[in-house]
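Reviewing the structure listed below.
In the numbering used here, the protein residues as written are 114 to 236.
Listed below in structure tokens is the structure:
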């Protein structure tokens with residue numbers, strides 16, 4: 114009994130894989146440090162999306178996100194909350210969304226990369 118319980122736990126544990134997503138944020142030609150990067154997973158129709166991880170970029174704009182890879186068939190995306198501005202300067206943070214499948218670009222330029230974007234007001 115104890116032996117079969119051990120194998121059952123081992124089987125469940127081996128089916129969970131850690132997935133990591135890393136990259137660098139840049140604003141024009143400069144590293145974008147101190148920005149919030151969140152990893153999200155799209156939900157089924159009845160539920161809302163789930164946040165899997167959140168980090169703040171280091172001074173060089175680097176980030177490392179991870180999740181356990183459960184429900185790997187669901188789409189993952191990252192949200193970047195930043196103040197990097199292009200020519201049109203407006204108040205508030207910009208929230209940029211980037212899909213992570215099939216890959217995340219190694220360096221995301223917040224000025225030139227296209228994304229789904231919205232603004233949030235600073236409080």
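All residues carry an ideal CB built from backbone N, CA and C; glycine is no exception. Computed from a predicted model, the values in this text were never measured in an experiment.
query: Quick check: what's the CA-CA separation for residue 181 versus residue 162?; result: 16 Å
query: I'd like to check one pair, residue 153 with residue 176: are the Cβ atoms closer than 7 Å?; result: no
query: At which residues does the beta strand (DSSP E) containing residue 148 begin and terminate?; result: From DSSP, residue 148 is part of no beta strand (DSSP E); its letter is neither H nor E.
query: Look at the alpha carbon of residue 169 and the alpha carbon of residue 156, and state the distance between them as a whole number of angstroms.; result: 24 Å
query: Closest to residue 147 by CA distance: which of 212, 221, 209 and 196 is it?; result: 196
query: Output the distance between the C-alpha atoms of residue 149 and residue 138, rounded to the nearest integer angstrom.; result: 10 Å
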